[in-house]
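Everything below concerns the one structure shown next.
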Amino acid sequence: MDLEDKLLMMPGPVPVAPRILRAMSKPMINHRSMEFSKIYDDCRKSLKKIFNTNNDIFVISGSGTAAMEAAIGCTLGKNDSIVAVENGKFGERFKIIASRYGKVIPAEFEWGESIDLDLVEDKLSEGAKAIAMVHNETSTGILNPAEDIGKLAKKYDALFIMDGVTSIGGDEVMVDKWGVDIAVVGSQKCIGAPPGLSMISVSEKAFDLMEGVDSVPYYSDLKAYKKSADKELTQTPYTPAIPLFYGLQESLNIIMEEGMDARINRHRTFAMAVRKAMESMDIEMFPSLNEYSGYSNTVSAMKAPESINGNDLKREMLERGIIIAGGQAHLSGKIFRIGNMGNINANSLLTTLQSLETVLH
Ligand code: PLP
205 MDLEDKLLMM PGPVPVAPRI LRAMSKPMIN HRSMEFSKIY DDCRKSLKKI FNTNNDIFVI
265 SGSGTAAMEA AIGCTLGKND SIVAVENGKF GERFKIIASR YGKVIPAEFE WGESIDLDLV
325 EDKLSEGAKA IAMVHNETST GILNPAEDIG KLAKKYDALF IMDGVTSIGG DEVMVDKWGV
385 DIAVVGSQKC IGAPPGLSMI SVSEKAFDLM EGVDSVPYYS DLKAYKKSAD KELTQTPYTP
445 AIPLFYGLQE SLNIIMEEGM DARINRHRTF AMAVRKAMES MDIEMFPSLN EYSGYSNTVS
505 AMKAPESING NDLKREMLER GIIIAGGQAH LSGKIFRIGN MGNINANSLL TTLQSLETVL
565 H
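Residue numbers (this note's numbering): 205 to 565.
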């Protein structure tokens with residue numbers, strides 16, 4: 205079986221539509237030209253609609269983690285503190301990044317557990333400059349309460365930095381309404397493009413609080429991104445990954461054609477279909493929810509049944525040509541995950557669920 209026969213049903217990278225691949229094969233252009241400027245402007249315009257924001261948006265040539273680091277590194281000085289909310293692998297990543305730039309006030313929960321808002325509020329009341337949280341925790345399939353965290357951030361006048369890497373473009377994200385000062389997304393998830401780009405929105409308040417921050421990362425200095433974007437010909441500070449920008453522009457065209465409401469509805473319906481199928485196969489969902497959390501609408505995480513280890517399950521699916529994900533770190537073997545991000549269609553989803561049934565029975 206060669207690569208073209210495989211069905212990618214993991215939580216990113218996702219299958220890339222042929223028209224996106226074709227768009228990426230266009231000739232190179234000068235990145236300081238009107239042509240590039242138009243592509244970048246076009247992408248930023250669509251991204252504002254997807255993020256639901258009037259804030260500035262930039263595209264970084266680097267994966268989602270690059271944007272996470274840009275967010276933290278540009279706002280957190282050595283003497284500043286940040287509440288890092290962790291209930292999975294990517295919350296942990298925020299905490300680790302933050303520990304390299306400033307002081308971390310950890311708000312830690314078991315991976316897969318819901319966030320306790322009272323505990324987060326206690327941590328915020330210690331006087332943090334910012335709070336960082338992952339909206340859709342891909343490693344555990346839980347949807348964290350971004351709007352509630354936004355309210356708490358406002359109450360304590362802290363910047364709200366949100367990882368929307370696997371929610372933006374697939375699920376509802378209201379950056380302005382929720383008070384998200386910095387939001388980040390990766391190209392290879394719900395946006396449906398190849399890996400390699402990340403997109404980041406930045407509020408005016410976040411820019412104001414960047415003044416005086418020491419040890420800002422050079423490559424992902426958001427003030428440099430703003431300066432270049434504000435030029436007459438919109439630019440990036442350094443040479444952008446031009447073919448990926450072609451791909452991003454086309455994937456954003458697809459999103460605009462589908463419409464965000466329809467796209468969110470499709471993601472939610474597909475995730476619900478996965479959950480119903482699991483219920484009928486007696487497979488338990490992994491996250492434990494409380495009244496503020498939800499199951500992810502873009503990736504479902506399930507406990508591996510007693511009969512089969514999660515990694516063996518993943519291998520057996522691969523033998524059938526379907527790539528799903530296992531658990532990360534200490535969850536390896538214990539859980540398995542099915543993604544339904546980007547431009548996945550119903551056929552792909554049904555094929556995945558059917559194959560899973562044959563593996564399990
Ligand atoms: N944040 C979340 C929620 C993710 O799911 C991922 C990747 O899976 C990342 C951050 C890191 O993104 P990347 O691998 O693009 O650097």
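All residues carry an ideal CB built from backbone N, CA and C; glycine is no exception.
message = Excluding the 5 residues flanking W382 on each side, which residues of the same chain have their C-beta closer than 7 Å to its C-beta?
response = A350, E351, G354
query = Do you know offhand how far A445's Cα is from M460's?
reply = 22 Å
ask   = If you draw a straight line from the C-alpha of E488 to the C-alpha of M482, how long is it?
value = 7 Å
CA-to-CA distance, L437 to I528, given in whole angstroms = 42 Å
query = What residue from I276, L560, K242, K427 has the CA that sits closest to M485's CA?
reply = L560
inquiry  = With a threshold of 8 Å on Cβ separation, who are the neighbours of S419 within its own chain once the five nearest residues in sequence on each side are excluded?
reply    = G277, G281, K282, Y305
ask   = Got a sec: does the ligand PLP put a non-hydrogen atom nearer than 7 Å to the Cβ of P491?
value = no
query = In its own chain, which residues sit with a C-beta less than 6 Å from the C-beta of Q532, not counting the 5 before and 5 after it?
reply = K293, S343
task = Look up D260 in the DSSP assignment and give the residues it is bridged to.
result = V406
message = Considering just the uninterrupted stretch of the beta strand (DSSP E) at I233, what are its terminal residues?
response = Taken as a continuous stretch (DSSP letters only), I233 belongs to no beta strand (DSSP E), as it is neither H nor E.
key: Sequence-distant residues of the same chain with beta carbon closer than 6 Å to A288, five excluded per side   = F298, K299, A302, V308, P310, A336
query = Which word fits A334, buried or exposed, when buried means at least 16 other C-beta atoms lie within 10 angstroms of its C-beta?
reply = buried
ask   = Exposed or buried, which one is M205 when buried takes at least 16 other CB atoms within 10 Å?
value = Reliability fails at M205, whose pLDDT of 49 lies under 50, so the model's placement of it is uncertain and the value that follows must be treated cautiously. Exposed, by the Cβ-count rule.
inquiry  = Taking 7 Å as the cut-off, is the beta-carbon of T257 closer than that to any non-hydrogen atom of the ligand PLP?
reply    = no
request  = Identify the continuous alpha helix (DSSP H) that holds I539 and give its terminal residues.
outcome  = Unbroken run through I539 is the beta strand (DSSP E), 539–543; no alpha helix (DSSP H).
message = On a Cα-Cα basis, can you pick out the residue from N515, K252, F255, Q439 that is closest to I233?
response = Q439
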